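Engineer: For the sequence shown, the numbering used here assigns the number 1 to the initial residue and increments by one for each residue that follows. What follows is a single structure, and I will ask about it in a moment.
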Amino acid sequence: MQRFVPDSIEQVKVEHIQSYGGDVIKTDLGDRLIRAKEEALRNNGFFMNQFANADKAEEYHEILFKPLKDDIVNDKK
């Protein structure tokens, strides 16, 4: 799995990504999303842009975690 990271990333973070089998590719901060998308297209891969859907994050967590939260609360009663 390729990970596009800013070229200013701390080495300890690079090593952490690599310890999980990630292939780290350092790029300029402003180019990393573009490079990731291009690489996905070139390799018949998939580009997940977490920032494009940031407005849906709260809704996603509510839908996903509310049933779990309700179960925990009900178990304590």
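The C-beta atom is built at its ideal place from N, Cα and C for all residues, glycine as well. Computed from a prediction, not measured in an experiment: that's the story for all the values here.
1. Using only CA atoms, which one of Glu58, Arg35, Arg3, Asn49 lies nearest to Asp23?
2. So, for Glu58: in the same chain, excluding its five sequence neighbours on each side, which residues have a beta-carbon less than 8 Å away from its beta-carbon?
3. Distance, Cα to Cα, Thr27 vs Glu39?
4. Find out if the Cβ-Cβ distance for the pair Phe47, Lys37 is shorter than 7 Å.
5. According to DSSP, is Asp7 part of a helix, a strand, or is it coil?
6. Sorted by chain position, which residues of the same chain lie with C-beta nearer than 8 Å to Leu41's C-beta, five sequence neighbours on each side aside?
Structural biologist: With the structure as the only source:
1. On the sequence shown, residue 23 is found 23 positions in, with the first residue counted as 1. Taking the Cα of Asp23 as reference, the smallest distance to any Cα among Glu58, Arg35, Arg3, Asn49 is reached at Arg3.
2. Locating residue 58 in the sequence shown gives position 58, counting from the first residue. Cβ within range, chain order: n/a, list empty.
3. Translated into the one-based positions of the sequence shown, residue 27 becomes position 27. Translated into the one-based positions of the sequence shown, residue 39 becomes position 39. Straight-line Cα distance between these residues: approximately 13 Å.
4. The count along the sequence shown starts at 1 and reaches residue 47 at position 47. The count along the sequence shown starts at 1 and reaches residue 37 at position 37. Contact: yes.
5. Locating residue 7 in the sequence shown gives position 7, where the first residue counts as 1. DSSP places Asp7 outside both helix and strand once states are collapsed to three, so it counts as coil.
6. As a working note, residue 41 is residue 41 in the sequence shown. Beyond the five residues adjoining it in sequence on each side, Leu41 comes within less than 8 Å, by CB distance, of Phe47 in the same chain, given in chain order.
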